[in-house]
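S.K.: Below you'll find the structure I mean.
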């Protein structure tokens, strides 16, 4: 993709595990060949069932964990080639919002210390001006200046996530990986956080990789959507195209599983049978063929290529 802020090429992450008394060494194929790109200012939603590799992919993008293979390019620069000092300097440009607002904040630090810590690490603000900068960030996420000296246990879940968001934007990053940032919150609070993220994106020119298993959340915030299944992306398309006319059978099944509030739209969709295969020993051919209602003989033996279609979307399916 031209003018991509972030480009991921052939990203792979296998985790070694041991099983049995003999200690047999096996590999969990958490991410097994992923390609995508994100333009500056857009939101790419990464969606799929739990355990499909979404969070691992997000952490690989930030080099929080090292890939087994593949390459991540940020502004055209390969992150894998950076040494520790160069990577630290680069980290100012990309940050993460964690899923759990209770576990992601240090209970022994005040809000001023939590949000101000990234500024201290990157030398953005001196101690004298840091509190003023932190206060401005708190106001930007909907909190108050007089809450600077409070500790995380004094806030609700939604307020804690706002603190986490303030910490993420403290270095004025260009890219934020949002890893299920609303899944631990009440539905009413989820909407507030999503609207806040969109407002901050417009205000600060942010780019998001937004990870979620919630199709409704992905539909609300994304510009484009990547659907992931068992370590691989099976479909990537503009939001409107994907939701109005999903191409991959797995995407169709995901959308059909969303509850409909309008009784006139409760049409029957494809029903998935069986469980998700183990990422330790994924099936040969197309990984979805064991559950796909439209599987063909070729699906059992040959892995489908991730190829573009006429409407601009990319799909990994032998039907196309």
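Numbering (my numbering), first residue to last: 700 to 1019. From the three backbone atoms N, C-alpha and C, an ideal C-beta is built for every residue, glycine too.
Where does residue 854 fall in DSSP's three states?
M.R.: coil
S.K.: What number of angstroms, rounded off, separates the C-alpha of residue 757 from the C-alpha of residue 995?
M.R.: 32 Å
S.K.: Please report the distance separating the alpha-carbon of residue 980 from that of residue 727.
M.R.: 8 Å
S.K.: By a C-beta neighbour count over all protein chains shown, 10 Å radius and 16 as the cutoff for buried, is residue 944 buried or exposed?
M.R.: exposed
S.K.: Which partner residues of residue 1092 appear in the DSSP bridge assignment?
M.R.: Because the chain spans 700 through 1019 in this model, residue 1092 falls outside it and cannot be assessed.
S.K.: Against chain C, with Cβ distances strictly below 8 Å, would residue 874 count as a contact?
M.R.: Absent from the structure is chain C; it holds one protein chain and no more.
S.K.: Does the pairing of the stretch 972-979 with the stretch 953-960 give three or more beta-carbon distances under 8 Å?
M.R.: no
S.K.: Under the three-state reduction of DSSP, which class applies to residue 767: helix, strand or coil?
M.R.: coil
S.K.: Give the list of continuous beta strand (DSSP E) stretches no shorter than 3 residues that lie fully inside the stretch 857-914.
M.R.: 874-878, 906-911
S.K.: So within the stretch 914-982, which uninterrupted beta strand (DSSP E) runs reach at least 3 residues, ignoring any that extend past its ends?
M.R.: You should have 923-928, 931-937.
S.K.: Tell me where the beta strand (DSSP E) around residue 1007 begins and ends.
M.R.: The continuous beta strand (DSSP E) containing residue 1007 extends over residues 1005-1007.
S.K.: Please look up how many angstroms separate the CB atoms of residue 990 and residue 971, rounded, as I've assumed it's under 8 Å.
M.R.: 5 Å
S.K.: Can you grab the Cα-Cα spacing for the pair residue 734 / residue 884, in whole Å?
M.R.: 30 Å
S.K.: Name the two residues that bound the continuous beta strand (DSSP E) containing residue 713.
M.R.: 703-718
S.K.: Taking the straight line between their C-alpha atoms, what separation do you get for residue 872 and residue 854?
M.R.: If you take the alpha carbons of residue 872 and residue 854, they lie about 25 Å apart.
S.K.: Within the chosen definition, does the stretch 931-938 reach the stretch 897-916 through at least 3 CB pairs nearer than 8 Å?
M.R.: no
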